[in-house]
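Chain order of the listed sequences is B and D. So the first sequence is numbered by our numbering: it starts at 1 and just counts up by one. So the second sequence is numbered by our numbering: it starts at 207 and just counts up by one. Glycine included, C-beta positions come from ideal geometry on N, C-alpha and C. The model shown is predicted, which means the values in this text are computed figures rather than measured ones.
Number of protein chains: 2
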Amino acid sequence: MPTREPDPRLELWFDFASTYSYLSVMRSEAIAARHGVALSWRPFLLGPVFQAVGWTAPPFLALPAKGRYMWTDLERQCRKYRLPWCQPASFPKRSVLACRVGVLAQDSPWIGDYCRAVMQANFAHDLDIDAPETITSVLEHLGLPAAALLQQAESAENRARLRAQTEAAGTHGIFGAPSFLVGGELFWGDDRLEDAIALAAGRGTR
Amino acid sequence: MPTREPDPRLELWFDFASTYSYLSVMRSEAIAARHGVALSWRPFLLGPVFQAVGWTAPPFLALPAKGRYMWTDLERQCRKYRLPWCQPASFPKRSVLACRVGVLAQDSPWIGDYCRAVMQANFAHDLDIDAPETITSVLEHLGLPAAALLQQAESAENRARLRAQTEAAGTHGIFGAPSFLVGGELFWGDDRLEDAIALAAGRGTR
């Protein structure tokens, strides 16, 4: 039997291509630490979740006014949280390679630094986060063996791991990103981070 | 030339059928008063906004998991804000009559009480808010001449007024409800109420 993880714990489910995931990836670790909550990183691919209901693009793009609003809102939120921001030239970016490395490393001590660096590559520096050069550069800046990690990330075993994690997202009822799981309870959207943390810390509204 | 409205002012754009509008309609007046911000009520119909992009139902219903989540989240938010809550048997309800009376009365001193009573009829008592009996009962509880008001609300002139306000929503870039306008700046969703109020009160992040 698997050993039970220590509580309180927050699972952060996110996609490196997702705009609002950027906010949560940048904010979660500090808030969790402040409240004595352990953080589990759960990168997954949002594309298959949307494709399952026939969507070929993020719902933000279905309504042009909503798409325009999203960029204004993101800029405003980044100002509020003092995060760097540069609207990417393309959205959504392909995030498969970034995610494969993320799922490979999700229990490593450097996972938080990796995720924040990839998110900033996307949303502060507008780089191609599916390019091996970008991920290599991120890993090397963290003092990690980039070539070996990319090779492991691209292995059949690890690809299957990402597919399984993406399927698990659906099983948990996740339909967007970022999402937070506390025990079995689901919270969707960066705006619910504080509520999810409060529940994890035993100060929830339940 | 129209006289300029005094600032600071927040416009609350909402549909009586909209779940998250319930939260903002219940919360806005007290928060605005606390920050010395004047509140303008702007009821409109969300249906035509969605129909314009080919949607026949609220986006929440496009993803079953998202629809299920919405009800959980609403219950949780109502607990957080200490608002009464009863999941309506049908969603979205037709809100045309409620909205016609709302647009007729939007500059009356009793508009806040009216909007909160209709929202509670929908989301705390699961009543049909398009039924004349429901709206009559709400108006009579406020000590108002219900029959005369319903007659004015159903007049061709007032119907046109609601159509114009719904079109104006689109012109302002509104794509969902609740939405807040502060000067020309748009905020979407109950989660942005505090940010919108902060901007209106001159303490925004701009």
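A check of alpha carbon separations from W291(D) across A374(D), L368(D) and Y226(D) identifies Y226(D) as the nearest.
Closest by C-alpha distance to W247(D), out of L399(D), R369(D), A362(D) and D313(D), is D313(D). Contact check between the stretch 313–324 of chain D and the stretch 226–243 of chain D: three or more CB pairs, one atom from each, fall below 8 Å, which counts as touching. Taking all protein chains shown into account, R282(D) has 16 or more neighbouring C-beta atoms within 10 Å of its C-beta and is therefore buried. About 23 Å separates the beta carbon of F187(B) from that of A98(B), a gap too long to meet the 8 Å contact definition.
Taking the Cβ atoms as the reference, L10(B) lies roughly 15 Å from A177(B), outside the contact range of under 8 Å. Not a single CB atom of chain D sits nearer than 8 Å to the CB of W71(B). Taking C-alpha positions only, P92(B) is separated from E185(B) by approximately 28 Å. When secondary structure is reduced to three states using DSSP, L142(B) falls in the coil class, being assigned neither helix nor strand. Checking the DSSP bridge columns, you'll see R42(B) partnered with W13(B). The alpha-carbon separation between H141(B) and L399(D) amounts to approximately 40 Å. In this structure, L245(D) lies away from L310(D), with their beta-carbon atoms at least 8 Å apart. When secondary structure is reduced to three states using DSSP, L83(B) falls in the coil class, being assigned neither helix nor strand. Taking C-beta atoms under 8 Å as the contact rule, I197(B) and V37(B) qualify, at a distance of about 6 Å. The DSSP-derived three-state label of W188(B) is strand.
In terms of Cα proximity to G260(D), the closest of G183(B), A57(B) and L63(B) is L63(B). Chain B places no beta carbon closer than 8 Å to that of L245(D), leaving this residue out of the contacts.
Here F123(B) carries a helix assignment [DSSP, helix/strand/coil].
At least one CB atom of chain D sits nearer than 8 Å to the CB of A65(B). For chain D, none of the residues of the stretch 10–41 of chain B brings a beta carbon within less than 7 Å of one of its beta carbons.
Beta-bridge pairing by DSSP links L387(D) to E217(D) and L392(D).
Here the alpha carbons of V96(B) and A200(B) stand approximately 30 Å from one another.
Put simply, the backbone Cα of L61(B) is about 46 Å away from that of G349(D). Under the 8 Å criterion on CB atoms, F44(B) is classed as non-interfacial with respect to chain D. The alpha-carbon separation between V182(B) and R274(D) amounts to approximately 17 Å. Secondary structure note for V307(D): its alpha helix (DSSP H) is the uninterrupted segment V302 to L310. The beta carbon of L333(D) sits no closer than 8 Å to any beta carbon of chain B.
With respect to the C-alpha of M119(B), the residue from A147(B), E157(B), C78(B) and S155(B) having the closest C-alpha is C78(B). The C-beta of F123(B) comes no closer than 8 Å to any C-beta of chain D. Put simply, the backbone Cα of A362(D) is about 28 Å away from that of Y228(D). Within 8 Å of the CB of G379(D), the CB atoms of chain B belong to A65, R68 and Y69, in sequence order along the chain.
Here W277(D) carries a helix assignment [DSSP, helix/strand/coil]. For L392(D), the chain B residues whose C-beta falls within less than 8 Å of its own C-beta are Y69 and T72, listed in chain order.
For P290(D), no CB of chain B lies under 8 Å from its own CB, so it is not counted at the interface with that chain. Think of a sphere of 7 Å around the beta carbon of P265(D): the chain B residues whose beta carbon falls inside it are P59, in chain order.
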